[in-house]
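Notes to accompany the following structure.
Okay, here's the thing in structure tokens:
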């Protein structure tokens, strides 16, 4: 934690005058960005990016008209297992954008808005692994962990309860439709809808 | 579920591929909690709303009542339904849109919506047009009703409904006698029994024998017949019979049940069966010589309705056709049961929906009898009892209000009728008014139909200019004043009573207008036409009301067919469960109910029916 804070402070100092300086400013607006990456595995040191998707959330609205949805080149580690999970084949990734371009666009899309996601630390760790060598910094944005927000809201109603934090179960409980599960954009939109729902009124018990 | 918007549903299926792409790229999602107001009356909207999940209710805020949560409800919008478009076209929303439960909607920005409207006329028409045009637009894309497709036609079998009775004569029967039999049985051919063999003898054979071969009228028919017969088994596919006929170039086949002769099938009957079953049923009714054979024809009518629905026949045509066929059954049954001596001294009336010619499936028997003054007919009650029971055995359900000829109250002499009508007219109490309404729709079908005219004219004259009467007469329209409240429990399975909520207000309102204006025809569609011609209703309004009635009748008919098929309990014959309807039907139904509401408001004003 301390290490992370130190690293961020150094990043901020180094980029104060640079192209990405705005990223390090504290965010003043009322939007967040729901982010989801499809990865080839769950190990932050090895997992490769298959696709990245993000949508903006403003108040009660999910701005799907302003979306970020990029499929990346086929990484070496895209194997049969992850095809089963994501229904993505190597050929779907041909003509996708190279990681560097994609990340530049992503930074431009997110700006300094808070990033919302489901087990977002994993996605951010993988993104940072690609960001640091190319841009010289980690994502400085604050993050909102959907499962933690969900747990807190549920326990406000019933402190005894250990809520089921599976993505599908939370969506079901919140009455949010599961949109194309295991596509980055579908999961990002579902995440965004759950967030809007959690910020609005009572949670069903 | 897909996150991309599905453009296959009308009106979005009118968009080109690139327009559909533009649309799906410009949609946002919005979440609303339970009871949130999405768009308020008088508010300008900057988006069109399409429901992804949840339910939105459309309310008239002027009609809200604190004690009745369902007051002022106009419509409901659920998955894939579109609202707010009219608000954009008109500038402001006329009603309030509030969620009934948590709801997620797609937002189509105003600018994109207007751009699509401008680019695509068919898409714009959907939002601009009246119900008539909308249902036409939708009909082009409507999927066929499941399980009711044309294959049921192709799978029809040789059965009672298409059989002609075989008239069998002996080989030594004379040409004269045989011709007499043909005429008497209204048949086209005879079967000639020659020892153990059967032969076919047609009208043409007889004609040839007499004219071309100069046979005398007393010569036997045996040698004239052709003994090379083809047969099919009862229950074989009708299609096979048709193939057999085509192959051997014959027009008639003998139908056997195992080895026993059961009748004939004729080419013309098969062809008309494939083109329209109605013709066959019509012929059967005409040809029926006994109550039994008439019953077979009457019972076949329900199948006819199914195939008409399957073929997408417009409901008004189906109503006209069925009304004609039902009337013929009544006439035939009347003629078979009522002794000839009395037939010209009594008049059979059909009333209610049958009198208006608006029933499709057999509905309750509503009938009555007028007896000419001074005619004594002691067996009358007994015969009428038999008449009612006969219709019952044909599948016409009894009238729950017992308005049937078996009930002596509905069998009266002409002067008794006058007296009764006068009494009902004098009392402004519910039941009398209902009876007057039933008699107003009466249609004389059999016997001395001229007996009815003076009675009807008496009734119309009686009410001329009596505005107090009309405000009582029309009031039941408001009895189900907020029928849409049944929608309120949309999450449950309560459903909407389409008869009370939609069909009755139009039928009864139009009936009241007809009575007031001396319009003596009984069919609601015809009444509406006349009302428009006389400028008592605007042409557009009348046409749209007719379409609304047609839409709701069709939805009701489909529900009743489900009852018939045993898929829905009988008490739910009028009950539409909104979430079970497809989007097209929901769209049409909502438009139709809007019109009902408008019509009720018109009637309230017209007859000063303050609540």
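Chains as they are written, first to last, in the working numbering: chain A, 3 to 207; chain B, 122 to 732.
The beta-carbon is built from N, C-alpha and C at its ideal position, and this holds for glycine as well.
Taking its Cβ as the centre, do 16 or more other Cβ atoms sit within 10 Å of residue 565 (chain B), making it buried, or is it exposed? Buried, by the Cβ-count rule.
Under the rule that 16 or more other beta-carbon atoms within 10 Å means buried, what is residue 132 (chain B), buried or exposed? Residue 132 (chain B) is classed as buried because its beta carbon has at least 16 other beta carbons within 10 Å across all chains shown.
Among the candidates B:559, B:427, B:230, B:469, whose CA atom is the shortest distance from the CA of residue 165 (chain B)? Ranking the options by Cα distance to residue 165 (chain B), first place goes to B:230.
Start and end residues, beta strand (DSSP E) containing residue 227 (chain B): Where residue 227 (chain B) is concerned, the enclosing beta strand (DSSP E) stretches over 224-230.
Give a yes or no on whether 8 Å exceeds the smallest Cβ distance from residue 147 (chain B) to chain A. So yes, residue 147 (chain B) belongs to the interface.
Where do the N-terminal and C-terminal ends of the alpha helix (DSSP H) with residue 172 (chain A) fall, by residue? Judged by DSSP secondary structure, residue 172 (chain A) falls within the alpha helix (DSSP H) whose first and last residues are 169-176.
Answer yes if the segment 143-163 of chain A comes into contact with the segment 55-71 of chain A, meaning at least three C-beta pairs across the two stretches below 8 Å, and no otherwise. These segments do not touch.
Compute the beta-carbon to beta-carbon distance between residue 560 (chain B) and residue 505 (chain B), rounded to the nearest angstrom, for a pair I have assumed lies under 8 Å. Actually they do not touch by this definition, with Cβ atoms about 18 Å apart.
Check whether residue 196 (chain A) and residue 173 (chain A) have beta carbons under 8 Å apart: Yes, these two residues count as a Cβ contact at 8 Å.
Buried or exposed: where does residue 225 (chain B) fall if 16 or more other Cβ atoms within 10 Å of its Cβ makes it buried? With 16 or more other Cβ atoms inside 10 Å of its own Cβ, residue 225 (chain B) counts as buried.
Under the rule that 16 or more other beta-carbon atoms within 10 Å means buried, what is residue 145 (chain B), buried or exposed? Result: buried.
Is the Cβ of residue 34 (chain A) closer than 8 Å to any Cβ of chain B? Answer no: the Cβ-Cβ gap between residue 34 (chain A) and chain B never drops below 8 Å.
So residue 149 (chain B) packs on residue 63 (chain A), CB below 8 Å; how close in whole Å? About 5 Å; that satisfies the 8 Å criterion.
Should residue 193 (chain A) go down as buried or exposed, given a rule of 16 or more other Cβ atoms within 10 Å for buried? Its Cβ being crowded by 16 or more others within 10 Å, residue 193 (chain A) is buried.
Residues in the same chain with beta-carbon distance under 7 Å from residue 371 (chain B), minus the five sequence neighbours each way, listed in chain order, please. Hits under 7 Å: 351.
Out of B:152, B:633, B:423, B:454, which has the shortest C-alpha to C-alpha gap to residue 201 (chain A)? Residue B:152 holds the alpha-carbon nearest to the alpha-carbon of residue 201 (chain A) among B:152, B:633, B:423, B:454.
Would you kindly report the start and end of the unbroken alpha helix (DSSP H) that includes residue 218 (chain B)? Unbroken run through residue 218 (chain B) is the beta strand (DSSP E), 217-220; no alpha helix (DSSP H).
Using a Cβ-Cβ distance under 8 Å, would residue 225 (chain B) count as near chain A? Against chain A, the CB of residue 225 (chain B) has a partner CB under 8 Å away; the residue lies at that interface.
Flag residue 161 (chain A) as yes if its beta-carbon sits less than 8 Å from any beta-carbon of chain B, otherwise no. Chain B, which has no Cβ nearer than 8 Å to the Cβ of residue 161 (chain A), makes this no.
Spatial distance of residue 331 (chain B) from residue 449 (chain B) (CA atoms): Their Cα atoms are separated by approximately 37 Å.
If you measure from the beta carbon of residue 146 (chain A) to each beta carbon in chain B, is any gap under 8 Å? Closer than 8 Å: no.
Within its chain, find whatever has a CB closer than 6 Å to the CB of residue 314 (chain B); leave out the 5 residues flanking it on each side and keep chain order. Counting only Cβ-Cβ distances below 6 Å, and skipping sequence neighbours, we find 289, 291.
Would you please verify whether the beta carbon of residue 199 (chain A) is less than 8 Å from any beta carbon of chain B? At least one CB of chain B lies nearer than 8 Å to the CB of residue 199 (chain A).
Are the C-beta atoms of residue 580 (chain B) and some chain A residue less than 8 Å apart? At a cut-off of 8 Å between C-beta atoms, residue 580 (chain B) does not count as an interface residue with respect to chain A.
Taking only beta carbons into account, state which residues of the segment 196-215 of chain B come closer than 9 Å to chain A, listed in chain order. If the cut-off is 9 Å between Cβ atoms, the segment 196-215 of chain B has nothing near chain A.
As assigned by DSSP and simplified to three states, the class of residue 629 (chain B): Here residue 629 (chain B) sits in helix by DSSP.
Could you pull the DSSP bridge partners for residue 358 (chain B) from this structure? Looking at the DSSP assignment, residue 358 (chain B) forms a beta bridge with B:278.
Write down the C-beta distance between residue 38 (chain A) and residue 186 (chain A) rounded to the nearest angstrom, noting that I regard them as a contact closer than 8 Å. Indeed, because the Cβ distance is near 5 Å, the residues count as touching under 8 Å.
Just checking: is the beta-carbon of residue 734 (chain B) within a distance shorter than 8 Å of some beta-carbon in chain A? No statement about residue 734 (chain B) is possible, as the shown extent of chain B runs from 122 to 732 and does not include it.
DSSP state of residue 583 (chain B) mapped onto helix, strand, coil: Per DSSP, reduced to three states, the secondary structure at residue 583 (chain B) is helical.
Counting only Cβ pairs nearer than 8 Å, list the residues of chain A close to residue 151 (chain B). The answer, in chain order, is 62, 63, 64.
Residue 22 (chain A) beta carbon less than 8 Å from that of residue 116 (chain A): The answer is no: Cβ separation not under 8 Å.
With 16 as the cutoff for other CB atoms within 10 Å, does residue 681 (chain B) come out buried or exposed? Per the 10 Å Cβ criterion, buried.
Own chain, CB closer than 6 Å to residue 527 (chain B), minus 5 neighbours either side, in chain order: Here the set comprises 505, 506, 509.
With 16 other Cβ atoms within 10 Å as the buried cut-off, status of residue 301 (chain B): Around the beta carbon of residue 301 (chain B), a 10 Å sphere encloses fewer than 16 other beta carbons of the protein chains shown; the residue is thus reported as exposed.
I want to verify the contact list: residues of chain B whose CB lies under 8 Å from the CB of residue 54 (chain A), in sequence order. What residue 54 (chain A) touches in chain B: nothing, since even the nearest Cβ is about 16 Å away.
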